[in-house]
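S.K.: Sending over a structure as structure tokens; questions will come in a sec.
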Amino acid sequence: MTTGEPAATAPRAPEALGGSGGTRSAPPVNQFDPETTQALKHLLLATADDEFVIGYWDSEWTGIAPVLEEDVAFASLAQDEIGHAQALYQLLANLEGRGDPDTIAYGRPPEGYRHARLLDHPRTDWAFSVARRFLYDTADAARLDALAGSSYEPLAGVVAKMRREERYHLLHMHAWVERLATGGEEPRARLAAALERLWPDALCVLDGIDGDGVLAEAGVLAEPMAAIRRRWLAGLAPELARLGLPAPPAAPTGACRGPGRSDDFRWLWEQLTMVRRSDPEAVW
Amino acid sequence: MQVYEVFRREREGGPMQHAGNLLAPDAELARHYAREFYGRRQESVRLWIVPRSAILDLDDPDLLQPPFDRSFKKPAGYSTEIKAKLAAARARAGEGEVR
Chain A
442 MTTGEPAATA PRAPEALGGS GGTRSAPPVN QFDPETTQAL KHLLLATADD
492 EFVIGYWDSE WTGIAPVLEE DVAFASLAQD EIGHAQALYQ LLANLEGRGD
542 PDTIAYGRPP EGYRHARLLD HPRTDWAFSV ARRFLYDTAD AARLDALAGS
592 SYEPLAGVVA KMRREERYHL LHMHAWVERL ATGGEEPRAR LAAALERLWP
642 DALCVLDGID GDGVLAEAGV LAEPMAAIRR RWLAGLAPEL ARLGLPAPPA
692 APTGACRGPG RSDDFRWLWE QLTMVRRSDP EAVW
Chain B
9 MQVYEVFRRE REGGPMQHAG NLLAPDAELA RHYAREFYGR RQESVRLWIV
59 PRSAILDLDD PDLLQPPFDR SFKKPAGYST EIKAKLAAAR ARAGEGEVR
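Residue numbers (this note's numbering), protein chains in the order written: chain A, 442 to 725; chain B, 9 to 107.
Written out as structure tokens, the structure is:
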């Protein structure tokens with residue numbers, strides 16, 4: 442993966458390659474106690490995994506989206522998410538003082554991922570992928586709002602850039618939900634069915650972060666996940682009501698972020714790690 | 009679906025130049041797709057997205073390709089000649105180059 446971030450484009454030391462727990466010269470730098478640091482690492486990993494996995498699922502539409510223009514647009518959104526994941530994995534690597542984005546992204550078994558179970562579903566049909574991305578992007582926007590003023594400055598810096606790109610994601614997904622909801626009987630029925638199915642899992646995007654209360658106290662997050670979730674749902678309610686679309690259930694139930702994973706995610710994991718597993722020591 | 013023609017400005021101060029076209033069902037998605045096609049790699053600072061139906065088309069050869077020699081309507085010939093004569097006159101008068 443490539444990025445404009447100096448830390449990520451700098452040549453990697455040979456010992457940092459290959460996922461064998463290589464070391465870096467710079468020691469981990471942060472201002473937090475061990476409990477907060479642990480929660481911050483979990484937040485970074487979970488958020489990065491969300492971006493990474495939805496990026497891979499939605500890139501599945503490349504070549505088969507409803508029209509050529511949308512093919513390009515949806516693949517571009519997916520690529521943005523992979524870029525965001527890379528920036529967040531880099532923050533995590535810096536915090537850990539070892540590893541690199543590729544090793545974190547591709548060097549774990551399926552049980553090691555911490556994405557929300559919303560992203561355990563396959564791409565299914567177009568309305569399903571639109572519904573999922575709409576739920577994900579709007580939830581992600583609420584999460585980014587809560588991180589924009591983060592006391593962990595490296596994170597606040599990455600989030601400021603992410604929010605600029607996510608503006609377009611939101612515009613595009615609101616446009617698509619509007620069109621499917623008002624575009625005749627079948628698109629509307631498919632969209633509504635997808636939302637019904639996805640809602641319980643969508644709530645997990647803003648849940649399942651161990652220590653989010655501690656992070657809120659330390660100012661890493663503006664408020665705990667439950668409060669971010671309420672803000673997200675309150676913001677969506679008028680649009681859902683206006684379009685007559687299904688409303689969310691009261692609260693998430695069950696494990697939100699693994700370690701148990703669907704067969705669909707395991708299939709995706711096989712796909713996305715295939716090249717790396719064929720030669721973990723290879724250098725591009 | 010209708011065709012939209014897209015024009016882009018590569019950098020501040022540059023001209024708007026035709027970039028290409030796209031198909032979109034409405035103006036809102038036309039803007040999104042124009043951004044994807046001609047702006048997502050930071051290659052543009054401004055886009056104009058125009059429904060092809062709004063473009064006035066002119067390709068009449070009687071108006072655009074008149075049959076007689078029109079070289080005298082092209083400014084290149086006499087303007088450089090005049091400039092050269094002026095420069096020569098200034099040189100003779102001992103003045104510097106035209107600014």
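In this text, a Cβ means the ideal position worked out from N, Cα and C, and glycines have one as well.
List the residues of chain A that Y46(B) touches, going by C-beta distances under 7 Å, in chain order.
M.R.: Here the question's residue 46(B) lines up with position 38 in the second sequence. Neighbours of Y46(B) on chain A: none; closest Cβ ~11 Å, over 7 Å.
S.K.: Taking the alpha helix (DSSP H) that F515(A) falls in, what are its first and last residues?
M.R.: Stepping through the first sequence from its first residue, residue 515(A) is reached at position 74. Start and end: 509-537.
S.K.: Nearest chain B C-beta to R620(A) closer than 9 Å, yes or no?
M.R.: If you number the first sequence from 1, residue 620(A) lands on position 179. R620(A) counts as touching chain B.
S.K.: Please report the Cβ distance between A534(A) and G540(A), rounded to the nearest whole angstrom; I am assuming they are in contact, meaning their Cβ atoms lie under 8 Å.
M.R.: Within the first sequence, the letter at position 93 stands for residue 534(A). Within the first sequence, the letter at position 99 stands for residue 540(A). That pair is a contact at about 4 Å.
S.K.: Using a Cβ-based criterion (distance less than 8 Å to any ligand heavy atom), does E664(A) qualify as near the ligand COA?
M.R.: With respect to small molecules bound, the structure shown includes none, and the ligand COA cannot be examined in it.
S.K.: Please report whether the beta-carbon of Y554(A) lies at a distance below 9 Å from any beta-carbon of chain B.
M.R.: As a position in the first sequence, residue 554(A) is number 113, starting the count at 1. No - not a single Cβ of chain B is within 9 Å of the one on Y554(A).
S.K.: Using a 10 Å radius around the Cβ and a threshold of 16 neighbouring Cβ atoms, would you call R670(A) buried or exposed?
M.R.: Start at 1 with the first residue of the first sequence, and residue 670(A) comes out as number 229. Classification of R670(A): buried, given that the 10 Å Cβ count is 16 or more.
S.K.: Have a look at the DSSP bridge pairing and note the partners of Q10(B).
M.R.: One-based indexing of the second sequence puts residue 10(B) at position 2. DSSP lists A32(B) as partners of Q10(B).
S.K.: Looking at the structure shown, is P689(A) part of a helix, part of a strand, or coil, going by DSSP?
M.R.: Translated into the one-based positions of the first sequence, residue 689(A) becomes position 248. P689(A): coil per DSSP, three-state reduction.
S.K.: Where does Q527(A) land, buried or exposed, given buried means 16+ other C-beta within 10 angstroms?
M.R.: By 1-based counting over the first sequence, the position of residue 527(A) is 86. Classification for Q527(A): buried.
S.K.: Given W673(A), which residues of its chain have a CB within under 7 Å of its CB, disregarding the five upstream and five downstream residues?
M.R.: For the purposes of this step, residue 673(A) is taken as residue 232 along the first sequence, with counting starting at 1. Closer than 7 Å at Cβ, skipping near neighbours: T579, A580, A583, L647.
S.K.: Find the residues of chain A that neighbour L64(B), judging by a C-beta separation of less than 8 Å, and give them in chain order.
M.R.: Indexing the second sequence from 1 puts residue 64(B) at position 56. Within chain A, no residue comes near L64(B); the closest Cβ sits about 25 Å away, beyond 8 Å.
S.K.: Of all the residues that make up the segment 480-511 of chain A, which are near chain B by a beta-carbon distance shorter than 9 Å?
M.R.: The residues in question are V508, L509, E510, E511.
S.K.: Taking the alpha-carbon of V58(B) as reference, which of A35(B), R100(B), Q50(B) has the nearest alpha-carbon?
M.R.: The residue you call residue 58(B) lines up with position 50 of the second sequence. Comparing Cα-Cα distances from V58(B) to each of A35(B), R100(B), Q50(B), the minimum goes to A35(B).
S.K.: Residues of chain B with CB closer than 8 Å to the CB of Y530(A), please, in chain order.
M.R.: As a first step, residue 530(A) must be located in the first sequence, where it is residue number 89. Per Cβ cutoff of 8 Å: no residues; Y530(A) is ~22 Å from chain B at best.
S.K.: Could you spell out where the alpha helix (DSSP H) holding L646(A) opens and where it closes?
M.R.: As a working mapping, residue 646(A) is identified with position 205 in the first sequence. With the sequence shown as reference, residue 646(A) is identified as Val, and Leu is not the correct amino acid for it. That residue, V646(A), is in no alpha helix (DSSP H); it is neither H nor E in DSSP.
S.K.: Roughly how far, in whole angstroms, is the beta-carbon of R98(B) from the beta-carbon of Y609(A), given that I think they are within contact range, below 8 Å?
M.R.: Residue numbering aside, residue 98(B) sits at position 90 when the second sequence is read from its first letter. Residue numbering aside, residue 609(A) sits at position 168 when the first sequence is read from its first letter. That belief does not hold up - the Cβ atoms of R98(B) and Y609(A) are roughly 58 Å apart, past 8 Å.
S.K.: Using 9 Å as the limit for Cβ to Cβ distance, is L814(A) near chain B?
M.R.: Because residue 814(A) is not part of the residues shown, which for chain A are 442 to 725, the question remains open.
S.K.: What are the boundary residues of the beta strand (DSSP E) that includes P59(B)?
M.R.: Here residue 59(B) is taken as the residue at index 51 of the second sequence, counted from 1. P59(B) -> beta strand (DSSP E) spans 54-59.
S.K.: When the Cβ atoms of the segment 481-495 of chain A are set against those of the segment 10-19 of chain B, are three or more pairs found closer than 8 Å?
M.R.: Taking 8 Å as the limit for Cβ pairs, the verdict is that the segment 10-19 of chain B does not touch the segment 481-495 of chain A.
S.K.: Going straight from the alpha carbon of A675(A) to that of Q472(A), what length do you get?
M.R.: The residue you call residue 675(A) lines up with position 234 of the first sequence. The residue you call residue 472(A) lines up with position 31 of the first sequence. Straight-line Cα distance between these residues: approximately 34 Å.
S.K.: Using the beta-carbon of each residue, which ones in chain D are nearer than 8 Å to A514(A)?
M.R.: Here the protein chains are A and B, and chain D is not one of them.
S.K.: So, does the CB of A27(B) fall closer than 9 Å to a CB anywhere in chain A?
M.R.: Working through the second sequence from its first residue, we reach residue 27(B) at position 19. With 9 Å as the cut-off, A27(B) does not count as an interface residue toward chain A.
S.K.: Based on DSSP bridge pairs, tell me the residues matched to R16(B).
M.R.: For the purposes of this step, residue 16(B) is taken as residue 8 along the second sequence, with counting starting at 1. Partner(s): Q25(B), L55(B).
S.K.: Should L72(B) be labelled buried (16 or more other beta-carbon atoms within 10 Å of its own) or exposed?
M.R.: Within the second sequence, the letter at position 64 stands for residue 72(B). That one is exposed.
S.K.: For chain B, is any of its Cβ atoms less than 9 Å away from the one on L612(A)?
M.R.: Here the question's residue 612(A) lines up with position 171 in the first sequence. Yes, L612(A) counts as interfacial toward chain B.
S.K.: Does the CB of M24(B) have a neighbour CB from chain A at under 9 Å?
M.R.: As a position in the second sequence, residue 24(B) is number 16, starting the count at 1. So, not an interface residue.
S.K.: Determine, using beta carbons only, whether L559(A) and L621(A) come nearer to each other than 9 Å.
M.R.: Against the first sequence, residue 559(A) aligns to sequence position 118. Against the first sequence, residue 621(A) aligns to sequence position 180. Not in contact: L559(A) and L621(A) (Cβ atoms no closer than 9 Å).
S.K.: Alpha carbon to alpha carbon, what distance is there between K81(B) and M614(A)?
M.R.: On the first sequence, residue 614(A) is found 173 positions in, with the first residue counted as 1. On the second sequence, residue 81(B) is found 73 positions in, with the first residue counted as 1. Cα to Cα, the separation comes out at about 54 Å.
S.K.: Let's test the definition: count the other Cβ atoms within 10 Å of the Cβ of G22(B) and tell me whether it reaches 16, buried, or not, exposed.
M.R.: Your numbering for residue 22(B) matches position 14 in the second sequence. Burial call: exposed.
S.K.: For A659(A) and chain B, any beta-carbon pair shorter than 9 Å?
M.R.: Residue numbering aside, residue 659(A) sits at position 218 when the first sequence is read from its first letter. No, because no Cβ of chain B sits closer than 9 Å to the Cβ of A659(A).
S.K.: List, in order along the chain, the chain A residues whose C-beta lies closer than 9 Å to that of E13(B)?
M.R.: The residue labelled residue 13(B) in the question sits at position 5 within the second sequence. The premise fails here: E13(B) is roughly 14 Å from chain A at the closest Cβ pair, so nothing lies under 9 Å.
S.K.: Buried or exposed: F76(B), going by 16 or more other Cβ atoms within 10 Å of its Cβ?
M.R.: Here residue 76(B) refers to the residue found at position 68 when the second sequence is read from its first residue. Its Cβ having fewer than 16 others within 10 Å, F76(B) is exposed.
S.K.: Would a check of beta-carbon distances place L152(B) closer than 9 Å to chain A?
M.R.: Here chain B has residues from 9 to 107 only, and residue 152(B) is not among them.
S.K.: I need the boundaries of the alpha helix (DSSP H) containing D499(A), first residue and last residue.
M.R.: Along the first sequence, read from residue 1 onward, the residue named residue 499(A) stands at position 58. Its alpha helix (DSSP H) spans residues 475-500.
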